[in-house]
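Undergrad: Supplied in structure tokens, the structure appears directly below.
Number of protein chains: 2
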Amino acid sequence: MIGGARSGPTTLVIVEDQKEVREGLVYLLGLDPRVRVVASFERAEGLLAWLRTTAGPDIVLMDIHLPGMNGIDATRALQSAHPAGIVLILTIFEEPDTILAAFRAGAKGYILKNTRPDALLEQILSARDEGSPISPTVARRLLDELRRDGQDAPAADYGLTAREREVLRDIVDGLTYRELAERHHIAGSTAKKHMLHIYQKLNVSSKAEIVRKALDERLV
Amino acid sequence: MIGGARSGPTTLVIVEDQKEVREGLVYLLGLDPRVRVVASFERAEGLLAWLRTTAGPDIVLMDIHLPGMNGIDATRALQSAHPAGIVLILTIFEEPDTILAAFRAGAKGYILKNTRPDALLEQILSARDEGSPISPTVARRLLDELRRDGQDAPAADYGLTAREREVLRDIVDGLTYRELAERHHIAGSTAKKHMLHIYQKLNVSSKAEIVRKALDERLV
DNA sequence: CGTAAAATACTCCCTTTGGTGCATATCGCG
DNA sequence: CGCGATATGCACCAAAGGGAGTATTTTACG
Chain F
127 MIGGARSGPT
137 TLVIVEDQKE
147 VREGLVYLLG
157 LDPRVRVVAS
167 FERAEGLLAW
177 LRTTAGPDIV
187 LMDIHLPGMN
197 GIDATRALQS
207 AHPAGIVLIL
217 TIFEEPDTIL
227 AAFRAGAKGY
237 ILKNTRPDAL
247 LEQILSARDE
257 GSPISPTVAR
267 RLLDELRRDG
277 QDAPAADYGL
287 TAREREVLRD
297 IVDGLTYREL
307 AERHHIAGST
317 AKKHMLHIYQ
327 KLNVSSKAEI
337 VRKALDERLV
Chain U
127 MIGGARSGPT
137 TLVIVEDQKE
147 VREGLVYLLG
157 LDPRVRVVAS
167 FERAEGLLAW
177 LRTTAGPDIV
187 LMDIHLPGMN
197 GIDATRALQS
207 AHPAGIVLIL
217 TIFEEPDTIL
227 AAFRAGAKGY
237 ILKNTRPDAL
247 LEQILSARDE
257 GSPISPTVAR
267 RLLDELRRDG
277 QDAPAADYGL
287 TAREREVLRD
297 IVDGLTYREL
307 AERHHIAGST
317 AKKHMLHIYQ
327 KLNVSSKAEI
337 VRKALDERLV
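Chains as they are written, first to last, in our numbering: chain F, 127 to 346; chain U, 127 to 346.
In structure tokens, the structure reads:
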């Protein structure tokens with residue numbers, strides 16, 4: 127079982143097609159007694175076949191560019207077969223799309239190959255303890271991408287005044303003009319007047335429409 | 127100007143209320159010639175005041191729990207005054223809400239105080255080069271939170287009937303009972319009757335509330 | 001200082017909505 | 001078959017909402 131109870135050092139598997147890099151990693155990681163590389167593969171298919179007959183390692187270090195099945199598809203396959211398994215992407219690629227795809231596939235971390243050896247080891251160990259090691263460059267890409275996703279609305283504010291935005295918020299919260307008036311210590315008729323202005327600016331004519339529009343366009 | 131062209135070492139400012147920690151950081155970071163701590167404050171207000179009279183540093187290390195203005199509000203203020211400035215949160219707190227709030231406020235990185243000194247320095251330097259250093263533990267929280275955001279609709283349907291869901295969709299689209307009735311070839315009073323049932327099932331009492339609830343809980 | 005925009009407030013009028021009660025038709029299921 | 005849930009419909013009423021007009025005070029800005 128991948129990710130099962132450990133005894134002794136954290137067990138690793140490496141999937142990396144370049145022989146020198148693969149052997150370099152095996153050697154390098156072999157120097158530290160806290161981890162133990164139990165297998166390495168140059169193709170993802172090799173790992174998947176191996177896992178059908180053997181207890182899985184604690185962590186898989188996965189390259190992305192591989193002959194045959196790529197690292198992201200392999201991650202997805204691994205996750206669906208062993209949901210508790212920990213896959214860390216270890217690559218030189220940092221395209222936003224690739225990064226997002228990796229995490230969507232279930233990768234727990236994304237480390238760049240230019241990471242210093244001692245830092246690499248720390249990152250790998252952190253993954254075993256419920257962490258998600260992500261190289262700073264990768265993290266920035268990821269945040270940028272998610273920020274764009276989340277909002278990026280050019281914030282069409284329709285020329286609403288500060289007061290009108292306040293009123294709008296309360297309406298979206300379901301308040302009547304009377305309740306709204308009490309909360310802001312103004313007359314109900316004034317609250318209504320503000321709303322009428324908002325209606326004109328947003329080109330709608332009922333509370334239901336305005337709530338929909340405000341939520342859709344994130345005016346609140 | 128924060129984040130402006132550098133000459134020589136990366137300049138840092140530290141905002142941290144605990145005297146020992148602050149002085150420890152100043153000392154520790156002072157050992158490396160690649161960075162230079164140009165100021166430190168125990169309150170965010172001090173930093174903001176200082177920035178009004180002085181050219182800003184490359185990077186601000188910001189604690190979250192501070193007397194007076196907290197680190198997240200300070201980050202927001204800093205970002206709105208100096209959009210190019212780089213703020214790294216340096217704290218012991220790792221609550222998902224706090225983490226999200228920090229990034230939404232404009233923080234570029236989020237480092238935990240238990241980070242080893244040499245790693246801390248690497249992280250700080252990576253931020254200057256378009257990176258976003260994020261401690262593994264924090265990254266995991268962030269990914270979990272963002273994953274949750276995207277999907278997870280337990281789809282509470284409140285026992286609505288098929289007809290009621292139809293009516294609900296139209297109401298969310300901003301139709302009046304009359305328009306809705308025409309569209310479905312039923313009487314307006316019937317449309318209203320359906321809505322009254324929906325009100326009871328969802329425990330609300332106005333179109334505005336139902337639109338809000340339907341959109342919030344993805345009932346449409 | 002003067003002007004324009006914004007915020008405040010009221011009146012009148014009509015429409016829509018929310019709430020209640022009552023009634024009929026249909027359908028599925030035990 | 002009869003029961004309950006669903007869908008349909010109407011009447012009535014009070015509350016809220018939408019629209020138009022007018023007017024005073026505050027605030028912002030050149």
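In this text, a Cβ means the ideal position worked out from N, Cα and C, and glycines have one as well.
What is the DSSP secondary structure of U:Val161, reduced to helix, strand or coil?
TA: The residue you call residue 161 of chain U lines up with position 35 of the second sequence. DSSP places U:Val161 in strand when its eight states are reduced to three.
Undergrad: Alpha carbon to alpha carbon, how far is F:Glu335 from F:Leu247? Give it in angstroms, no decimals.
TA: In the first sequence, the residue the question calls residue 247 of chain F occupies position 121. In the first sequence, the residue the question calls residue 335 of chain F occupies position 209. Going by the C-alpha atoms only, they are around 55 Å apart.
Undergrad: Based on DSSP bridge pairs, tell me the residues matched to F:Leu216.
TA: Locating residue 216 of chain F in the first sequence gives position 90, counting from the first residue. Paired residues: F:Ile237.
Undergrad: If distances are taken between C-alpha atoms only, which option among F:Met188, F:Tyr303, F:Gln326 comes closest to F:Thr348?
TA: Lying outside 127 to 346, the shown extent of chain F, residue 348 of chain F is not represented and no answer is given.
Undergrad: Just the Cα atoms here: how many angstroms apart are F:Arg254 and U:Leu226?
TA: What you label residue 254 of chain F is simply residue 128 of the first sequence in a count that begins at 1. What you label residue 226 of chain U is simply residue 100 of the second sequence in a count that begins at 1. Each residue's alpha carbon lies about 23 Å from the other.
Undergrad: Rounding to the nearest angstrom, what Cα-Cα distance links U:Ile297 and F:His311 in this structure?
TA: Counting from 1 along the second sequence, the entry for residue 297 of chain U is found at position 171. Counting from 1 along the first sequence, the entry for residue 311 of chain F is found at position 185. Using only the alpha carbons, I get a separation of about 31 Å.
Undergrad: For the region 215–241 of chain F, which residues have a beta carbon sitting closer than 8 Å to at least one beta carbon of chain U?
TA: Residues of the region 215–241 of chain F with a Cβ closer than 8 Å to any Cβ of chain U, in chain order: Phe229, Lys234, Gly235.
Undergrad: Touching or not, the region 160–169 of chain U and the region 135–145 of chain U, by the rule of three or more beta carbon pairs under 8 Å?
TA: yes
Undergrad: Can you name the residues of chain U whose CB is closer than 8 Å to the CB of F:Leu306?
TA: Translated into positions along the first sequence, residue 306 of chain F becomes position 180. The premise fails here: F:Leu306 is roughly 11 Å from chain U at the closest Cβ pair, so nothing lies under 8 Å.
Undergrad: Pop quiz: U:Ile190 and U:Phe219 are said to be a contact at Cβ under 8 Å. What is the actual Cβ separation, rounded to whole angstroms?
TA: In the second sequence, residue 190 of chain U corresponds to position 64, counting from 1. In the second sequence, residue 219 of chain U corresponds to position 93, counting from 1. Correct: roughly 6 Å between the Cβ atoms.
Undergrad: Considering only the beta carbon of each residue, do U:Ile185 and U:Ile250 sit closer than 8 Å?
TA: Walking along the second sequence from the start, residue 185 of chain U turns up at place 59. Walking along the second sequence from the start, residue 250 of chain U turns up at place 124. Their beta carbons are under 8 Å apart, which means U:Ile185 touches U:Ile250 by this criterion.
Undergrad: Under three-state DSSP, which class holds U:Leu192?
TA: The residue you call residue 192 of chain U lines up with position 66 of the second sequence. U:Leu192 falls in the coil class under three-state DSSP.
Undergrad: Against chain F, which members of the region 137–159 of chain U pass a CB distance test of less than 8 Å?
TA: Cβ contacts with chain F: none found.
Undergrad: Are the beta-carbon atoms belonging to U:Pro243 and U:Leu154 less than 8 Å from one another?
TA: Counted from its first residue, the second sequence places residue 243 of chain U at position 117. Counted from its first residue, the second sequence places residue 154 of chain U at position 28. Cβ atoms of U:Pro243 and U:Leu154: closer than 8 Å.
Undergrad: Take F:Leu345 as the anchor and find which of F:Tyr325, F:Lys333, F:Arg295, F:Glu305 has the nearest alpha-carbon.
TA: The residue labelled residue 345 of chain F in the question sits at position 219 within the first sequence. With distances taken between Cα atoms, F:Leu345 lies closest to F:Arg295.
Undergrad: Let me check understanding here. Comparing Cα to Cα, which of U:Glu305, U:Gly257, U:His323 lies closest to U:Arg289?
TA: Start at 1 with the first residue of the second sequence, and residue 289 of chain U comes out as number 163. Cα-wise, what sits closest to U:Arg289 is U:His323.
Undergrad: Measuring CA to CA, which of F:Glu308, F:Ser258, F:Ile215 is closest to U:Asp270?
TA: Along the second sequence, one-based indexing puts residue 270 of chain U at 144. Considering only alpha carbons, the answer is F:Ser258.
Undergrad: Opposite F:Leu272 in the DSSP bridges: which residues?
TA: Here residue 272 of chain F refers to the residue found at position 146 of the first sequence. For F:Leu272, which the question treats as bridged, DSSP gives no partner whatsoever.
Undergrad: Where DSSP assigns a beta bridge to F:Phe167, which residues make up the other side?
TA: Position 41 of the first sequence, counted from the start, is the residue given in the question as residue 167 of chain F. Per DSSP, F:Val141.
Undergrad: Output the boundary residues of the alpha helix (DSSP H) element that contains U:Ile225.
TA: Within the second sequence, residue 225 of chain U is the residue found at index 99, counting from 1. That run of the alpha helix (DSSP H) goes 222–231.
Undergrad: On the CB-based measure, 16 or more other CB atoms within 10 Å of its CB, does F:Ala265 come out buried or exposed?
TA: Residue numbering aside, residue 265 of chain F sits at position 139 when the first sequence is read from its first letter. Residue environment analysis places F:Ala265 among the buried positions, since at least 16 neighbouring C-beta atoms fall within 10 angstroms of its C-beta.
Undergrad: Which residues in the same chain have their Cβ closer than 6 Å to the Cβ of U:Asp342, if we skip the five residues on either side of it in sequence?
TA: For the purposes of this step, residue 342 of chain U is identified with residue 216 of the second sequence, where counting begins at 1. The answer is none, since no qualifying residue turns up.
Undergrad: Note down the Cα distance separating U:Val293 from U:Ala340, rounded to an integer number of angstroms.
TA: Taking the first residue of the second sequence as 1, we reach residue 293 of chain U at position 167. Taking the first residue of the second sequence as 1, we reach residue 340 of chain U at position 214. The straight-line gap from Cα to Cα measures roughly 12 Å.
Undergrad: Given that a residue counts as buried once 16 or more other Cβ atoms are within 10 Å of its Cβ, and exposed if not, what is F:Pro262?
TA: Locating residue 262 of chain F in the first sequence gives position 136, counting from the first residue. Flag for F:Pro262 reads buried.
Undergrad: Determine the chain F residues that contact U:Ala245 at a beta-carbon separation under 7 Å, and present them in chain order.
TA: One-based indexing of the second sequence puts residue 245 of chain U at position 119. Near U:Ala245 (Cβ distances below 7 Å), the residues of chain F are Ala245, Glu248.
Undergrad: Kindly list, in the order they appear in chain U, the residues whose Cβ is closer than 8 Å to that of F:Gly300.
TA: Start at 1 with the first residue of the first sequence, and residue 300 of chain F comes out as number 174. Simply Val330, Ser332, Ala334, Glu335, Arg338.
Undergrad: Near U:Asp158, which residues of its chain fall below 6 Å by C-beta distance, leaving aside the five closest residues on each side in sequence?
TA: Walking along the second sequence from the start, residue 158 of chain U turns up at place 32. Taken in chain order, the residues that qualify are Leu247.
Undergrad: Exposed or buried, F:Ala200, counting other C-beta atoms within 10 Å across all chains shown (16 or more means buried)?
TA: One-based indexing of the first sequence puts residue 200 of chain F at position 74. When all chains shown are included, F:Ala200 counts as buried.
Undergrad: Within this structure, are the beta carbons of U:Gln102 and U:Gly232 separated by less than 8 Å?
TA: The displayed coordinates of chain U run from 127 to 346. Any statement about residue 102 of chain U would go beyond what the structure contains.
Undergrad: Using 8 Å as the limit for Cβ to Cβ distance, is F:Gly257 near chain U?
TA: As a first step, residue 257 of chain F must be located in the first sequence, where it is residue number 131. True, the Cβ-Cβ gap to chain U drops below 8 Å.
Undergrad: With a 10 Å radius around its C-beta and 16 neighbouring C-beta atoms as the bar for buried, classify F:Arg178 as buried or exposed.
TA: To locate residue 178 of chain F, count along the first sequence from 1; it is residue 52. So F:Arg178 ends up on the exposed side.
Undergrad: How close, in whole Å, do the beta carbons of F:Arg162 and F:Thr180 come, if the pair is a contact with beta carbons under 8 Å?
TA: On the first sequence, position 36 is the one that residue 162 of chain F refers to. On the first sequence, position 54 is the one that residue 180 of chain F refers to. Taking C-beta atoms under 8 Å as the contact rule, F:Arg162 and F:Thr180 fail to qualify, at a distance of about 14 Å.
Undergrad: Could you give the C-beta distance for U:Ile215 and U:Met195, rounded to a whole number, given that I count them as a contact under 8 Å?
TA: Locating residue 215 of chain U in the second sequence gives position 89, counting from the first residue. Locating residue 195 of chain U in the second sequence gives position 69, counting from the first residue. Under the criterion of beta carbons closer than 8 Å, U:Ile215 and U:Met195 do not qualify as touching, at roughly 14 Å.
Undergrad: Compare the C-beta of U:Ile260 with all C-beta atoms of chain F and state if any pair is closer than 8 Å.
TA: Here residue 260 of chain U refers to the residue found at position 134 when the second sequence is read from its first residue. Chain F, which has a Cβ nearer than 8 Å to the Cβ of U:Ile260, makes this yes.
Undergrad: Name the one or two DSSP bridge partners that F:Thr136 has.
TA: By 1-based counting over the first sequence, the position of residue 136 of chain F is 10. F:Val161.
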